[in-house]
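Asks: Sharing a structure with you now.
In my numbering, the protein residues as written are -4 to 402.
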């Protein structure tokens, strides 16, 4: 085991628990002296696309119907077309078997490890599932329900906040069934390069495991569209075997409550996964699929969404940059702030709430402790830039004043 790798054996407690419940417990009974401003949950607050109500109304009668588990042909072809244009895939996505609708990407992330375990059939009682650390808690739940051994790879600044692929032991990779990677990363907002993706693809095919690429923040970027894992495979001149990408309308279109996303990639894997989902998962309602078709055919609302986020990053840079140095991330809508000069993330979170009324999330709550007791998120706080600009600026100014006074 490398210094940046932590293993959780099967049957152990989940590596991490609900960070928001932990935050509630941390701040319980503490009343700030200012009007509270929440910067914790990444729930988009920008306007939803104007056409949403119109499309739902036009398709309201379809709420009577049970949808097909593999989605409508129009949904699948629209997703294939969007992926093709976004990543330059030259028509290589199979719209019939290479796309599946999901009840939000979370559903696919949750069930992915089980499907990988069963389909790969490596003959292991408790296969390994590899996650980044910090990580989206659903990844850990997926490893747990797949009866797997959870392997956490620390994602730190030295490696652009991505799991370090160098030094992974072949014996570990041979017993791995699923490797979860987010790009853009959450919470750090870093982006995997094509070279990174291609290296991971080569490892997945050599050692027979599935890559589950969480690309939910792919359209929330500053200037340059992040490359994707399907794009990396296409540029290698290969098919999409061993690859599943997951995305949704939650961040791209501010439609988190619609619960509509997709999985795309390896058609053989997805064909079998569709059969499993037909028994274990609810179908995506037809009106929701209709909204998705309209949303993925429209880029104007996505461009406006990016503009609003970038406006808030400019405010963060102006207010926090002089104190913390550059704070703008490549993508996403979070700030990942190193506050070790003022204390660890937990103590700074408590102080900011008490002294400013700004609620942030300790970075350690999004990560899991290493075997030596350290935590890759312990010196960080995460702050979401989801509120309107005026409210965000007030919160950032309060944080900046507090940091400046305590420096």
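Think of the CB as a built atom: it goes at the ideal place given N, C-alpha and C, for glycine as much as any other residue.
Distance, Cα to Cα, residue 282 vs residue 55?
Replies: 6 Å
Asks: Taking three-plus beta-carbon pairs below 8 Å as touching, is the segment 323 to 340 in contact with the segment 374 to 383?
Replies: yes
Asks: Following the continuous alpha helix (DSSP H) through residue 260, name the residue where it begins and the one where it ends.
Replies: Note, residue 260: premise wrong, no alpha helix (DSSP H); beta strand (DSSP E) at 256 to 260.
Asks: Could you pull the start and end residues of the beta strand (DSSP E) that residue 377 belongs to?
Replies: Here the beta strand (DSSP E) through residue 377 covers 375 to 379.
Asks: Pick from 398, 246, 114 and 353: whose alpha carbon is nearest that of residue 390?
Replies: 353
Asks: Between 85, 359, 387 and 40, which has its C-alpha nearest residue 232's C-alpha?
Replies: 85
Asks: Between the C-alpha atoms of residue 8 and residue 274, what's the straight-line distance to the nearest angstrom?
Replies: Low confidence applies here, because residue 8 scores a pLDDT of 49, under 50, leaving its location unreliable; read the following figure in that light. Cα to Cα, residue 8 sits roughly 28 Å from residue 274.
Asks: To test your reading of the DSSP string, which unbroken alpha helix (DSSP H) runs of 4 or more residues are found completely within the segment 357 to 402?
Replies: 384 to 401
Asks: Taking Cβ to Cβ, would you say residue 329 is nearer than 8 Å to residue 118?
Replies: no
Asks: May I ask you to report which of helix, strand or coil DSSP gives residue 305?
Replies: Three-state result, residue 305: helix.
Asks: So who's on the other strand from residue 335, going by DSSP bridges?
Replies: Answer is none; residue 335 lacks a bridge partner.
Asks: If you drop the 5 nearest sequence neighbours on each side, which residues of the same chain put their C-beta closer than 6 Å to that of residue 398?
Replies: Sequence-distant Cβ neighbours of residue 398 in its own chain, meaning closer than 6 Å and more than five residues away, are 318.
Asks: Between residue 105 and residue 137, is the Cβ-Cβ spacing less than 8 Å?
Replies: yes
Asks: May I ask you to report which of helix, strand or coil DSSP gives residue 142?
Replies: Coil, per DSSP.
Asks: Report back the beta-carbon spacing between residue 310 and residue 384 to the nearest angstrom; my notes put them in contact at under 8 Å.
Replies: 7 Å
Asks: I'd like the span of the beta strand (DSSP E) that includes residue 96, first residue to last.
Replies: 94 to 97
Asks: Less than 8 Å between the beta carbons of residue 50 and residue 289, yes or no?
Replies: For residue 50 and residue 289, yes; Cβs fall inside 8 Å.
Asks: Per DSSP, what kind of secondary structure is residue 64 in: helix, strand or coil?
Replies: coil
Asks: Answer with buried or exposed for residue 6, where buried requires no fewer than 16 other C-beta atoms within 10 angstroms of its C-beta.
Replies: Caution applies to residue 6, whose pLDDT of 47 falls short of 50 and renders its modelled position unreliable; the value that the coordinates give is listed next. Exposed.
Asks: Looking at residue 147: is its Cβ nearer than 8 Å to the Cβ of residue 174?
Replies: no
Asks: Report, in whole angstroms, the separation of the C-beta atoms of residue 62 and residue 279, which I expect to be a contact under 8 Å.
Replies: 6 Å
Asks: Can you check DSSP and say which residues form a bridge with residue 0?
Replies: 148
Asks: CB-CB under 6 Å to residue 26, same chain, minus the five flanking residues each way: which ones, in chain order?
Replies: none
Asks: Round the Cβ separation of residue 256 and residue 107 to the nearest angstrom and send it over; I've been treating them as touching at under 8 Å.
Replies: With a Cβ gap of about 12 Å, residue 256 and residue 107 do not count as contacting.
Asks: Consult DSSP for residue 90 and reduce its assignment to one of helix, strand or coil.
Replies: Residue 90 falls in the coil class under three-state DSSP.
Asks: Could you compute how far the alpha carbon of residue 72 sits from the alpha carbon of residue 262?
Replies: As the crow flies, the alpha-carbon of residue 72 is around 14 Å from that of residue 262.
Asks: Could you spell out where the alpha helix (DSSP H) holding residue 55 opens and where it closes?
Replies: No alpha helix (DSSP H) contains residue 55, which DSSP labels as neither H nor E.
Asks: For the candidate residues 343, 393, 74 and 177, whose alpha-carbon lies nearest to that of residue 291?
Replies: For the residues 343, 393, 74 and 177, the minimum Cα distance to residue 291 belongs to 74.
Asks: Taking 8 Å as the limit between beta carbons, can you name the residues of its chain near residue 199, skipping five residues before and five after?
Replies: 174, 205, 206, 237 and 238
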